[in-house]
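K.L.:
Letter 92 of the sequence shown, counting from 1, is numbered 582 in our numbering, and no numbers are missing.
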Amino acid sequence: MFGWLKRLFGIAEAEANSVLDKLENPIKQTEQGIRDLKTDLSKSMQGLAEVKALSIREKKEFESNNRNAKEFESKAVLLLQRAQSGHISADEADRLASQALERKQQYEQRAGANQKNIDNYSGMLSKMESNVQSLKSQISNWENELKTLKARATVSDASAKLNKQLSSVDSSTTIARLEKMKQKVEEKEALAESYGEIADLSNKTVDTEIDQALGLSGGASAASLGTSDELKKLKASLNQNTENNTNTGSTSSSSGGSSELDRLKEQLKNKQ
491 MFGWLKRLFG IAEAEANSVL DKLENPIKQT EQGIRDLKTD LSKSMQGLAE VKALSIREKK
551 EFESNNRNAK EFESKAVLLL QRAQSGHISA DEADRLASQA LERKQQYEQR AGANQKNIDN
611 YSGMLSKMES NVQSLKSQIS NWENELKTLK ARATVSDASA KLNKQLSSVD SSTTIARLEK
671 MKQKVEEKEA LAESYGEIAD LSNKTVDTEI DQALGLSGGA SAASLGTSDE LKKLKASLNQ
731 NTENNTNTGS TSSSSGGSSE LDRLKEQLKN KQ
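#1: With C-beta atoms as the reference, is LEU538 less than 7 Å away from VAL622?
#2: In this structure, how does DSSP classify ILE665 when only helix, strand and coil are distinguished?
#3: Given this structure, state the Cα-to-Cα distance separating LYS755 from ALA726, to the nearest angstrom.
#4: How should GLU553 be labelled, buried or exposed, when 16 other C-beta atoms within 10 angstroms of its C-beta is the threshold for buried?
#5: Go through its chain and collect everything with a Cβ distance to ASP581's Cβ below 6 Å, but skip five positions before and after it.
#6: For the candidate residues SER534, LEU568 and HIS577, whose alpha-carbon lies nearest to that of LEU625?
#7: Is the CB-CB distance between ALA643 and ILE517 below 7 Å?
#8: Quick one: Cα of GLU615 to Cα of LYS606, how far?
#9: With distance defined between alpha-carbon atoms, name the residue in LEU668, LYS640, ARG753 and LEU724 nearest to ASN515.
#10: Suppose you measure from the CA of ALA666 to the CA of VAL675; what does that come to, to the nearest Å?
#11: Expressed to the nearest angstrom, what Euclidean distance is found between the alpha-carbon atoms of LEU681 and LYS672?
#12: DSSP three-state label for GLY576, please.
#13: Between the C-alpha atoms of ALA573 and SER564, what's the straight-line distance to the nearest angstrom?
#14: Would you say the region 543–563 touches the region 590–607, given that touching needs at least three Cβ pairs under 8 Å?
#15: Determine the burial state of SER646: buried for a count of at least 16 other Cβ atoms within 10 Å of its Cβ, exposed for fewer.
#16: What residue from LYS723, LEU728, GLU750 and SER749 has the CA that sits closest to ASN760's CA?
#17: Below 7 Å CB to CB, which residues in the same chain sit around GLU679 once its five sequence neighbours on both sides are set aside?
#18: Compare the C-alpha of SER630 against each of SER545, ILE688, GLU521 and ASP752 and name the closest.
#19: ILE608 and LYS550: beta carbons closer than 7 Å?
#20: Should TYR611 be labelled buried (16 or more other beta-carbon atoms within 10 Å of its own) or exposed?
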């Protein structure tokens, strides 16, 4: 049964390790992917800033060219007005006014080119800003996904370690270890008991051993033992005499004296 469980735990461990390996690779790949996205985001932000700078410059040039075009148009009008007032000749006014109008057209052409660039930059900025927002959203989503993957990897790692520990359990080794501990406890108990017996032997004297052999305890002695036995015998004898007197009734004094003497002699003989 234990072998079957061990094989089962081995399969579980292998599956856990496989899951862990599969998780570790996506984690590394996800981390690398996030780094790549952040690199792309950094480049996109830099490009966006550059395009915005170009767009701002084009707008300024557009405004400047428009101002210059209007200014030269105004100058052409003033030249014609001065010719009408007689301040300059008509031919001179026409020549200078024509040149002013040519400069006006040049600035208008430049302003037109500026406007085209501004429109192009506007479209580029719109796309780039959309890409930047998309990258930011993707980075945020993948960072959350990475947290989930790491949490799953932590759980799988803990599960793999637990399965590894469970799969390494050997019942025979465990039982042998328990038996060894039990044996050590029994050895300690026997050692303690032997120390107690040694202590008792070291405290014994010859008198104590003699008293123990005679069945004496405490302060009892051989003399007191003998006296006690003698008292018991005397009481038994008296009780016997009382019973005999009750059964046979009264007898003559000489006969009674003789019987009592015989009993005393018999008692003394028993004592010897």
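Note that the Cβ used here is the ideal one computed from N, Cα and C, for glycine as well.
P.N.:
With the given structure in hand:
#1: In this structure, VAL622 lies closer than 7 Å to LEU538 by Cβ.
#2: Note: ILE665 maps to helix in three-state DSSP.
#3: Going from the Cα of LYS755 to the Cα of ALA726 covers about 16 Å.
#4: A residue is called buried when at least 16 other Cβ atoms come within 10 angstroms of its Cβ; GLU553 does not meet this threshold and is exposed.
#5: Spatial neighbours of ASP581 in its own chain (CB-CB distance under 6 Å, excluding positions within 5 residues in sequence) are not present.
#6: Cα-wise, what sits closest to LEU625 is SER534.
#7: In this structure, ALA643 sits near ILE517, with a CB-CB distance shorter than 7 Å.
#8: Before going further, note that residue 615 is Leu rather than Glu in the sequence given. So the alpha carbons of these two residues sit roughly 14 Å apart.
#9: Nearest C-alpha to ASN515: LYS640.
#10: Straight-line Cα distance between these residues: approximately 14 Å.
#11: Taking the straight line from one Cα to the other gives about 14 Å.
#12: When secondary structure is reduced to three states using DSSP, GLY576 falls in the coil class, being assigned neither helix nor strand.
#13: Spanning the two alpha carbons is a distance of roughly 14 Å.
#14: Yes, the region 543–563 is in contact with the region 590–607.
#15: SER646 is buried by the Cβ-count criterion.
#16: Among LYS723, LEU728, GLU750 and SER749, the Cα nearest to that of ASN760 belongs to LYS723.
#17: Residues of the same chain with a CB within less than 7 Å of the CB of GLU679, apart from the 5 flanking positions on each side, do not exist.
#18: The shortest Cα separation from SER630 among SER545, ILE688, GLU521 and ASP752 belongs to GLU521.
#19: Result no, Cβ atoms of ILE608 and LYS550 do not sit closer than 7 Å.
#20: In this structure TYR611 is buried. Its beta-carbon is surrounded by 16 or more other beta-carbon atoms within 10 angstroms.
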